[in-house]
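The block underneath contains the structure these notes are about, expressed in structure tokens.
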Amino acid sequence: MRPSPLLAFVPNGPRPGVGREQADIGALVHRLEAAQWRSPEEIAARQFEALAKLAGHMGRESPLFRRQLDAAGLAPHDLGTQEGLHAFPPIRRRDLQGPPKDVFCATVPDACGEIVHASSSGSTGEPVRLRRTALDQLLFRAMTIRFHLWHGIGTGLSFCQSRAGVDEVVSARKWGGTAGMFWPTGPMLAMPNQLAITEQARLIEGFQPDILLIYPSNIVALARHYEANGKAPFTVRQIRTTSETLPDPDRALVERMWGCAPVDVYSSTEVGYIAMQCPQSGLYHVMAETLIVEVIDDAGRPCREGEVGRIVVTDLNNHATPLIRYAIGDHAEVGPPCPCGRGLPTLRRILGRERNLVTMPDGSRHWPLTGRSRYRDVAPVLQHQMLQRERDRIEVRLVIERPLTDGEEAALRAIMQQALGHPFALDFEYYEHRLPMAPNGKFEEFVNLIDG
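In this note's numbering, the protein residues as written are 610 to 1061.
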């Protein structure tokens, strides 16, 4: 397969006029370009070779990791095999909340560079502080360039982003950031994703971006806004989504509204890029050069293709924090080998977190079907969210175009109960404009608060 034309802008190591950081990132990018085409067997062999070395370091430097090894009756070198890794108990968020001297490595190899401090958003109610190294940061930026190489559509393009962490509307003549280090870019506009949808629509319409980076809940809200007003949406050449799950009905809605399928990336604060959509198949390729991503069932067994399970992630490059079989809290469906020819493993779907499961009256839990694709057939629903606090009762939060009639509310209730598979008591609560987001700026359509 021919490489992206953008690769010509990325230096493969030092050259005249190229800064040290740019050269280092460029060299990593070219290594990743070659590595993605290795066979699955070679990729796995390299992963476990790297893990055995990392485990030796962690065993010497992190008391938490050493205890986990001892509890499992393992030596560091045992993690150099798949069987040994599966025998290692997953590290939980709660484990990382212990005293820093107990969790973090006392020293890191000189080649990793300086220590960088970070923290997760705490959307699970368990915020986590982390340490990583300058090498981790370089790899993250190299993966950012990989995403552009896979999905880039040219140079000199305008870029708009709506996301958390942006405090005010900001514009610039160039993108800046990692991409701006390597090729010419056009203007950039950034806005807080908490802005009213009408204001976001106004800003994006005025800017007319080539590329839009946005959370799934926001792009769906924008689609509903244009549908409700019978107005043609702004034009855009590419929509990139991140930070939230992107269900198939939402993906179809976005593609129908803008004429382009959204490109999604799966990442986390703790380990960076986890998986990116393949530019050919749409499957999510795991970033296996830097991570081992396992999908396991409730008994801890590896899931097979087509099965859904919990994700545990091993960061092969973080020498400061023991993110070995880290239980990140997400669920996914295992994918097949990709027809594109890359040897990187795949996920078919990213499904969300444990708290996004519905609890049935008998105590069983599963991924909820809510009937969401049929809501607008019976009622003018713009946004919805379900919060479950009891086994037989669910709070339904709605943003609507106008007050519902009794008949519309009854029809909506029937659709929800049928889809959920039980006649839950549904308490409707109505909101103006849009529903509140979590403190981290993200939005979840179903939240189970029974254990919260």
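Glycine included, C-beta positions come from ideal geometry on N, C-alpha and C.
Restricting attention to ARG738, ALA661, HIS894, the CA atom closest to the CA of GLU879 is found in ARG738.
Within the same chain, Cβ atoms closer than 6 Å to the Cβ of LEU798 are found at CYS769, SER780, PHE816, the five residues on either side in sequence being excluded.
In the DSSP secondary-structure assignment, MET797 is bridged to PHE768, ALA781.
With contacts defined by Cβ atoms closer than 8 Å, ALA1028 and GLY980 form a contacting pair.
In this structure, the CA atom of GLY786 is about 11 Å from the CA atom of ILE754. DSSP, read as helix, strand or coil, puts HIS726 in strand. Close CB contacts of ARG1000 within its chain, under the 6 Å cut and outside five residues either way in sequence, are with THR968, PRO970 (chain order). Contact between LEU953 and ILE652 holds, since their C-beta atoms are separated by about 7 Å, short of 8 Å. PRO948 and GLY891 have their C-alpha atoms some 10 Å from each other. Partner residues in the beta bridge of MET885, as assigned by DSSP, are VAL874, HIS894. Contact fails between the segment 675-683 and the segment 911-929, because fewer than three Cβ pairs, one in each stretch, are under 8 Å apart. When the alpha-carbon of GLU1038 is set against those of MET1046, PRO1012, ARG860, LEU1007, the nearest one is in LEU1007.
Around the CB of ASN927, 16 or more other CB atoms lie within 10 Å, so the residue is classed as buried. Distance between TYR835 and GLN656, taken at the CA atoms: about 47 Å.
DSSP places ASP711 inside the alpha helix (DSSP H), whose first and last residues are 709-712.
For GLN645, the three-state secondary structure derived from DSSP is coil. Under DSSP, VAL922 forms a beta bridge with VAL902, TYR935. The alpha carbon of ILE806 has as its nearest neighbour, out of CYS869, ASP859, HIS1042, the alpha carbon of HIS1042. When Cβ pairs closer than 8 Å are counted between the two stretches, the segment 853-867 is seen not to touch the segment 1016-1027, the count staying below three. Taking 8 Å as the cut-off, the beta carbon of VAL895 is found closer than this to the beta carbon of LEU956. Residue nearest to GLY909 within the set ASP633, GLY1016, ALA696 is ALA696 (criterion: CA-CA distance).
In the DSSP assignment, LEU1007 forms a beta bridge with HIS993, TYR1039. The shortest CA-to-CA distance from ALA743 to any of PRO623, ALA720, THR850, GLY763 is the one to ALA720.
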